[in-house]
Amino acid sequence: MNEITKNEIIECCIVGTGPAGLSVGLELIKHGKTNLVIVDKNHLIGGLARTEERDGIRFDVGPHRFFTNNKEVNDLWHDLLGKDFIPVNRLTRIYYKGKYFLYPIKATDALLKMGIFESIHAFFSFAATKFKKQEEAKTFEEWITQKFGKKLYTTFFKTYTEKVWGIPCNQIGAEWASQRIKGLDIIEVIKNALSFSNGNGPKTLVEQFDYPKYGSGQMYEKMAELIKNAGGKIITDTKVTRFNKTENKIESIEVEDREGNTYQIKADHYFNSAPLTHFYKLLSPGFGDDIDKAVNSLYYREHITVDLLINGDNLFPDQWIYIHSSDVKMARIANYNNFSKAMVGNQNKSAISVEYFTFQNDDIWKMNDESLINLAVTELEITKLIPKGAFEKGWVVRETESYPTYYLGYKEPYELLQKHLKGISNLTPVGRGGLYKYNNQDHSIYSGMLAARNYLKLTETPYDIWSINIDAEYHESGHRKKTDE
Ligand SMILES: Cc1cc2nc3c(=O)[nH]c(=O)nc-3n(C[C@H](O)[C@H](O)[C@H](O)COP(=O)(O)OP(=O)(O)OC[C@H]3O[C@@H](n4cnc5c(N)ncnc54)[C@H](O)[C@@H]3O)c2cc1C
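Quick note on our numbering: the sequence shown kicks off at 1155 and runs consecutively.
And the structure:
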């Protein structure tokens, strides 16, 4: 049931109950602004970071690790969940040619498992990069090859990256590599591997991360609870079907609930975290043919998670495993038992998710749920990650527009659209999809916080929301905040 009365004027309307939208709401209520409504098409709170419960077992939409170098976000996470935000000792590996390599890469482990000939090959291919005059890297392939050498690039980066993005690495812009892998220095990796550490020093983000006891969605359910307790309204199961625009203002939005009831919401200001291209298609009227064309050239990668209930536990010790082998279609496998025991309760079962990255016109997207579950189970059995006959039940979660694609040449249409959106005086795009940024939760949250501060005209504003994450620090570095938990 919609909680908005007819003709009610809302001060702030936020689209999306993901980390970004909720962070706008939380920041607004912290400053006494409670006349706000958050609308989401989903039933569950949390957007891509939500947690779904099936047969008493919890699954995220792909594994969600909480880590950040942003103190404000880190403090917020700890304040929100307290003792329910638990430290997890990280183990993640790459599966490649039947072997498991530690990830982040450890030189000794990689060299041992690659074997003597491949290791020598990797060493010389890396050494060659040091003697070659380097042009500025434009593509993902060039960026990684220049930093690590061709051999390590093909072994540890190429196949997985191409599974994720669905295009060759020489068509992916270097920004993605620099955003995600910046600061990872092979010399540091080797030094680290050779250092004689007694293991008592502070844990790095590589070794430990935090996680909500009941799944990533717990963090956002808590945020939603605080917003509602303060008087903010959250309407789920309701999709925005149109943003009504005049020359340079959003006048209202049209929404439709699950029963097909439609109504309008009028607000002074709008924050949007729905994917940018999706938003533009709902904008009425748009900005004209040139911008329509620009928007049509931007695209996201879709994502399928096959959630599986497996009989028995201790299947493998990793939180997740990257599957680089090209003989299976799956890209990553997560084991939620190794995130938090509470994800499976007292059952002697395992909560496993298998991820596929796809486009909507790919065969895999068109497969029905039963076939996808069969595929995931078969691929897990082939790779011996689950024993034959242990599969009990499966569910499929499909997410459109999950990964904004930084293909070569995306910047021109993107910047054109951005320029026009800046001209809408009462609209602030936020979040991963909303800003078309390959953001993690922390950046999405931060964009929401700063967007609210801009609206409130707090000191130090306005912040440039569009530039959050451009200079983001590499997430595998940095030390954990010391906590008592
Ligand atoms: C597989 C996967 C793994 C990830 N792993 C990690 C990780 O380990 N660590 C990490 O920090 N981050 C991770 N992320 C990223 C993280 O999920 C996102 O950064 C974060 O959820 C983005 O939050 P957001 O609020 O910007 O957007 P979203 O979470 O996408 O929220 C947008 C919301 O808008 C709603 N919406 C869209 N269209 C409409 C409409 N027309 N009407 C109403 N509502 C609408 C959606 O339903 C959604 O709830 C991962 C993401 C994926 C997909």
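Here a beta-carbon is modelled for each residue, glycine too, at the ideal position from N, C-alpha and C.
| query | What is the C-beta distance between serine 1525 and threonine 1313, in whole angstroms, given that I count them as a contact (C-beta under 8 Å)? | reply | In the sequence shown, the residue the question calls residue 1525 occupies position 371. In the sequence shown, the residue the question calls residue 1313 occupies position 159. Not confirmed; about 23 Å, so no contact.
| query | Roughly how far, in whole angstroms, is the beta-carbon of leucine 1180 from the beta-carbon of isoleucine 1192, given that I think they are within contact range, below 8 Å? | reply | Position 26 of the sequence shown holds residue 1180. Position 38 of the sequence shown holds residue 1192. Incorrect: roughly 10 Å between the Cβ atoms, too far for contact.
| query | Which term fits isoleucine 1163, buried or exposed, when burial requires 16 or more other beta carbons within 10 angstroms of its beta carbon? | reply | In the sequence shown, the residue the question calls residue 1163 occupies position 9. Exposed: under 16 other Cβ atoms inside 10 Å.
| task | Whole angstroms is fine: what's the gap from threonine 1459's alpha carbon to lysine 1184's? | result | The count along the sequence shown starts at 1 and reaches residue 1459 at position 305. The count along the sequence shown starts at 1 and reaches residue 1184 at position 30. One C-alpha to the other measures close to 35 Å.
| Chain-order list of residues whose beta-carbon lies under 6 Å from that of serine 1451 (same chain, five-residue window excluded) | By one-based count along the sequence shown, residue 1451 stands at place 297. Excluding residues up to 5 positions away in sequence, Pro1567 lie with their Cβ nearer than 6 Å to the Cβ of serine 1451 in the same chain.
| said: Classify proline 1241: buried if its beta carbon has 16 or more other beta carbons within 10 angstroms, exposed otherwise. | reply: Translated into the one-based positions of the sequence shown, residue 1241 becomes position 87. Exposed, by the Cβ-count rule.
| glutamate 1361 - containing alpha helix (DSSP H), residue span | Taking the first residue of the sequence shown as 1, we reach residue 1361 at position 207. Unbroken run through glutamate 1361: none, as it is neither H nor E.
| task | List the endpoints of the continuous alpha helix (DSSP H) containing tyrosine 1609. | result | Taking the first residue of the sequence shown as 1, we reach residue 1609 at position 455. First-last of the alpha helix (DSSP H) with tyrosine 1609: 1595-1610.
| query | With 9 Å set as the bound, which would you pick, yes or no: does the beta-carbon of lysine 1547 sit closer than that to a beta-carbon of chain B? | reply | The displayed structure is made up of one protein chain only, and chain B is not part of it.
| message | Once the 5 residues before and after asparagine 1491 are set aside, which same chain residues still bring their CB inside 7 Å of it? | response | Taking the first residue of the sequence shown as position 1, residue 1491 is located at position 337. For asparagine 1491, the CB contacts under 7 Å within the same chain, skipping 5 residues up- and downstream, are Asp1467, Met1497, Val1498, Ser1504 and Ala1505 in chain order.
| request: Tell me, to the nearest whole angstrom, how far the beta carbon of asparagine 1243 is from that of threonine 1293; I am working on the premise that it is less than 8 Å. | output: On the sequence shown, residue 1243 is found 89 positions in, with the first residue counted as 1. On the sequence shown, residue 1293 is found 139 positions in, with the first residue counted as 1. Contact doesn't hold; Cβ gap of about 35 Å is too wide.
| Can you give the Cα-Cα distance for glycine 1355 and glutamate 1361, rounded to whole angstroms? | Your numbering for residue 1355 matches position 201 in the sequence shown. Your numbering for residue 1361 matches position 207 in the sequence shown. Summary for glycine 1355: the model assigns pLDDT 45, below 50, so the residue's position carries little reliability; its value from the coordinates is reported in the next sentence. Between glycine 1355 and glutamate 1361, the C-alpha separation is close to 11 Å.
| query | Going by the CB atoms, is the gap between arginine 1586 and proline 1541 shorter than 9 Å? | reply | Position 387 of the sequence shown, counting from 1, holds the residue named residue 1541. Position 432 of the sequence shown, counting from 1, holds the residue named residue 1586. Contact flag unset, no.
| field | Under 9 Å between C-beta atoms of glycine 1216 and proline 1173 | value | Within the sequence shown, the letter at position 62 stands for residue 1216. Within the sequence shown, the letter at position 19 stands for residue 1173. Cβ distance not < 9 Å, so glycine 1216 and proline 1173 don't count as in contact.
| serine 1556, buried or exposed, once every other Cβ within 10 Å from all chains shown has been counted against 16 | Numbered from its first residue, the sequence shown carries residue 1556 at position 402. Serine 1556 comes out buried.
| field | Inter-residue Cα distance where the pair is glycine 1353 and lysine 1260 | value | Position 199 of the sequence shown, counting from 1, holds the residue named residue 1353. Position 106 of the sequence shown, counting from 1, holds the residue named residue 1260. Residue placement at glycine 1353 is flagged as unreliable, the pLDDT there being 46, under the threshold of 50; a coordinate-derived value is accordingly withheld.
| query | Going by other Cβ atoms of all chains shown within 10 Å of its Cβ, with 16 needed for buried, is aspartate 1443 buried or exposed? | reply | What you label residue 1443 is simply residue 289 of the sequence shown in a count that begins at 1. Under this definition aspartate 1443 is an exposed residue.
| Any non-hydrogen atom of ligand 1 closer than 8 Å to tyrosine 1454 Cβ | The count along the sequence shown starts at 1 and reaches residue 1454 at position 300. No, since every heavy atom of ligand 1 falls outside the 8 Å radius drawn around the Cβ of tyrosine 1454.
| message | Please identify the residue among Val1318, Gly1320 and Glu1295 whose C-alpha is closest to the C-alpha of threonine 1308. | response | Here residue 1308 refers to the residue found at position 154 when the sequence shown is read from its first residue. Ranking Val1318, Gly1320 and Glu1295 by Cα distance to threonine 1308 puts Glu1295 first.
| field | Contact check, glycine 1588 vs alanine 1428, beta carbons under 9 Å | value | For the purposes of this step, residue 1588 is taken as the residue at position 434 of the sequence shown. For the purposes of this step, residue 1428 is taken as the residue at position 274 of the sequence shown. Cβ atoms of glycine 1588 and alanine 1428: closer than 9 Å.
| task | With a 10 Å radius around its C-beta and 16 neighbouring C-beta atoms as the bar for buried, classify serine 1507 as buried or exposed. | result | Numbered from its first residue, the sequence shown carries residue 1507 at position 353. Burial call: buried.
| field | Own chain residues within Cβ distance below 7 Å of asparagine 1580, not counting five before or after | value | By 1-based counting over the sequence shown, the position of residue 1580 is 426. For asparagine 1580, where only same-chain residues beyond five positions count, the Cβ hits under 7 Å are Lys1403, Ile1404, Asp1422, His1423 and Tyr1424.
| message | Nearer than 8 Å: is that true of the beta carbon of valine 1193 relative to any heavy atom of ligand 1? | response | For this step, residue 1193 is matched to residue 39 along the sequence shown. Taking the Cβ of valine 1193 as the reference point, at least one heavy atom of ligand 1 falls within a distance shorter than 8 Å.
| field | Three-state class that DSSP yields for asparagine 1515 in the structure shown | value | Along the sequence shown, one-based indexing puts residue 1515 at 361. Three-state DSSP puts asparagine 1515 in coil, outside helix and strand.
| message | asparagine 1594 and isoleucine 1622 - do their beta-carbons sit closer together than 9 Å? | response | To locate residue 1622, count along the sequence shown from 1; it is residue 468. To locate residue 1594, count along the sequence shown from 1; it is residue 440. No. Outside cutoff.
| field | Burial state of glutamate 1569 (16 or more Cβ within 10 Å) | value | Working through the sequence shown from its first residue, we reach residue 1569 at position 415. So glutamate 1569 counts as exposed.
| request: Might you give, ordered along the chain, the residues of its own chain that have their beta carbon closer than 6 Å to the beta carbon of aspartate 1523, omitting 5 neighbours on each side? | output: Start at 1 with the first residue of the sequence shown, and residue 1523 comes out as number 369. Only Val1550 meet the Cβ criterion.
| said: Let's test the definition: count the other Cβ atoms within 10 Å of the Cβ of arginine 1212 and tell me whether it reaches 16, buried, or not, exposed. | reply: Counting from one through the sequence shown, the residue named residue 1212 turns up at place 58. Of the residues assessed, arginine 1212 falls on the buried side of the cut-off, its CB having 16 or more other CB atoms within 10 angstroms.
| Same chain, Cβ closer than 6 Å to glycine 1577, five either side skipped, listed in chain order | The residue labelled residue 1577 in the question sits at position 423 within the sequence shown. Asn1402, listed in sequence order.
| Heavy atom of ligand 1 less than 8 Å from the Cβ of lysine 1393, yes or no? | The sequence position of residue 1393 within the sequence shown is 239, counting from 1. Lysine 1393: yes, Cβ under 8 Å from ligand 1.
| query | Among all the DSSP beta bridges, which residues are the ones paired with lysine 1184? | reply | Taking the sequence shown and counting its residues from 1, one reaches residue 1184 at position 30. Paired residues: none, contrary to the question.
| Distance between lysine 1591 and glutamine 1473 (C-alpha atoms, nearest Å) | As a position in the sequence shown, residue 1473 is number 319, starting the count at 1. As a position in the sequence shown, residue 1591 is number 437, starting the count at 1. Taking the straight line from one Cα to the other gives about 25 Å.
| said: Can you give me the C-alpha to C-alpha distance between lysine 1287 and aspartate 1516, rounded to a whole angstrom? | reply: Looking up residue 1287 in the sequence shown gives position 133. Looking up residue 1516 in the sequence shown gives position 362. If I take the Cα positions, the gap works out to 40 Å.
| message | Strictly by DSSP, which residues pair up with arginine 1486? | response | What you label residue 1486 is simply residue 332 of the sequence shown in a count that begins at 1. Paired residues: Tyr1476 and Glu1509.
| field | Top-ranked residue by Cα proximity to isoleucine 1298, from Lys1399, Ile1518 and Ala1328 | value | To locate residue 1298, count along the sequence shown from 1; it is residue 144. The option with the nearest alpha carbon to isoleucine 1298 is Ala1328.
| Using the rule of at least 16 other Cβ atoms within 10 Å of the residue's Cβ for burial, across every protein chain shown, is threonine 1171 buried or exposed? | Within the sequence shown, the letter at position 17 stands for residue 1171. Its Cβ being crowded by 16 or more others within 10 Å, threonine 1171 is buried.
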